[in-house]
Structure formats: structure tokens, C-alpha cells
Amino acid sequence: MTADPATSTTAIAVVQSFLDALERSDVDAALGLVADDLEYINVSLPTVHGRAALARLARLLLRPGRMSFAVRVHHIAADGSVVLTDRYDELTFGRLHIRFWVYGRFVVADGQIAVWRDSFDWVDFTIGTLRGLVGIAVPAAARRIP
Numbered sequence: 001m002t003a004d005p006a007t008s009t010t011a012i013a014v015v016q017s018f019l020d021a022l023e024r025s026d027v028d029a030a031l032g033l034v035a036d037d038l039e040y041i042n043v044s045l046p047t048v049h050g051r052a053a054l055a056r057l058a059r060l061l062l063r064p065g066r067m068s069f070a071v072r073v074h075h076i077a078a079d080g081s082v083v084l085t086d087r088y089d090e091l092t093f094g095r096l097h098i099r100f101w102v103y104g105r106f107v108v109a110d111g112q113i114a115v116w117r118d119s120f121d122w123v124d125f126t127i128g129t130l131r132g133l134v135g136i137a138v139p140a141a142a143r144r145i146p
């Protein structure tokens with residue numbers, strides 16, 4: 001089945017705008033791109049149901065002085081309304097930078113993200129945390145998202 005290229009392009013733009021908003025800690029802009037009944041699945045962690053629940057989580061975490069988020073998308077592709085991302089995410093807590101691989105699947109409906117499913121490897125996350133800790137002690141060893 002071949003998807004409409006216009007739908008795929010629009011879906012990619014929605015996902016890129018969403019990730020960009022999170023990276024800027026612009027919670028309101030990010031929330032404007034998700035459906036009221038969003039399902040956010042971060043595999044191995046509890047599922048977040050609904051825009052309001054995501055708003056609480058994002059406002060708790062993405063505050064100046066608490067945590068910041070950076071993303072480097074290596075590959076992004078869409079088939080109709082389904083967008084796949086292969087990316088690095090970086091969570092920053094003060095001087096601690098934790099970088100790890102994430103594979104995402106987004107379903108976009110009516111210009112909003114209805115399903116956001118991220119998968120990551122806890123071993124890779126742990127290695128990223130250890131590298132981040134070493135980077136605090138030896139700044140030259142810190143690997144940051146370019």
C-alpha cells in the first residue's frame with residue numbers, strides 16, 4: 001500500500017515541530033501538537049494517557065534548573081500518518097548530560113500526535129549516564145549532541 005506523499009510530509013513536519021518544541025522547553029507549543037486522547041508509551045515505563053497527563057509530566061520535568069531535553073534525529077521516515085524516528089535524546093540535569101539512542105513511532109491524526117511510542121535500551125541509557133558522570137569530573141570526556 002502506498003501512502004499519500006502529502007500526508008507523510010505533513011506527519012513528519014508535525015513530529016519535527018513537536019520534538020523541536022520539547023527541545024526549546026516550550027511545553028505549550030508541544031501540547032498544541034498532541035491529541036486530547038494521546039497515548040504516550042515509553043516502553044518499559046508506565047503509559048501516559050491524555051494531553052493533560054502529558055502536560056503535568058512535561059511541566060514537572062522541563063523547567064529551568066530541573067531538566068532540559070535535546071534531540072538529534074538521524075533518520076526520519078513516514079508512511080502516511082505513521083512516522084518513525086531513529087535519534088539520540090539527551091537529558092540534562094545541571095552538569096549531568098545523559099545521551100542515549102531512541103527509536104520512536106508516532107501516529108499523526110488530523111495534524112496532531114495521537115500515539116507516541118518510544119523504545120530505548122536501559123543498558124545504553126546506563127552507559128550514557130556513566131559517560132555523563134565521567135564528563136562532570138573530566139569535561140573533555142563529555143560527549144554532547146553536536
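Numbering-wise, the sequence shown is residues 1 to 146 according to our numbering.
We treat Cβ as the ideally placed atom computed from N, Cα and C, and that holds for glycine.
C-beta atoms of residue i and residue j nearer than 8 Å
{"i": "residue 85", "j": "residue 111", "result": "no"}
{"i": "residue 23", "j": "residue 93", "result": "no"}
{"i": "residue 15", "j": "residue 83", "result": "yes"}
{"i": "residue 21", "j": "residue 13", "result": "no"}
{"i": "residue 97", "j": "residue 142", "result": "yes"}
{"i": "residue 100", "j": "residue 118", "result": "no"}
{"i": "residue 72", "j": "residue 87", "result": "yes"}
Spatial distance of residue i from residue j (CA atoms)
{"i": "residue 135", "j": "residue 126", "result": "14 Å"}
{"i": "residue 130", "j": "residue 122", "result": "12 Å"}
{"i": "residue 32", "j": "residue 138", "result": "40 Å"}
{"i": "residue 11", "j": "residue 78", "result": "7 Å"}
{"i": "residue 59", "j": "residue 52", "result": "11 Å"}
{"i": "residue 25", "j": "residue 43", "result": "23 Å"}
{"i": "residue 37", "j": "residue 55", "result": "12 Å"}
{"i": "residue 81", "j": "residue 50", "result": "19 Å"}
Residue i, buried or exposed, once every other Cβ within 10 Å from all chains shown has been counted against 16
{"i": "residue 140", "result": "exposed"}
{"i": "residue 18", "result": "buried"}
{"i": "residue 48", "result": "buried"}
{"i": "residue 128", "result": "buried"}
{"i": "residue 57", "result": "exposed"}
{"i": "residue 132", "result": "buried"}
{"i": "residue 34", "result": "buried"}
Contacting residues, own chain, Cβ-Cβ under 6 Å from residue i (five flanking each side not counted)
{"i": "residue 115", "result": "39 and 107"}
{"i": "residue 61", "result": "67"}
{"i": "residue 95", "result": "136"}
{"i": "residue 41", "result": "47 and 117"}
Three-state class that DSSP yields for residue i in the structure shown
{"i": "residue 142", "result": "coil"}
{"i": "residue 10", "result": "helix"}
{"i": "residue 59", "result": "helix"}
{"i": "residue 15", "result": "helix"}
{"i": "residue 130", "result": "helix"}
Cutoff 8 Å; reference residue i; Cβ partners in own chain excluding five residues on either side
{"i": "residue 9", "result": "78"}
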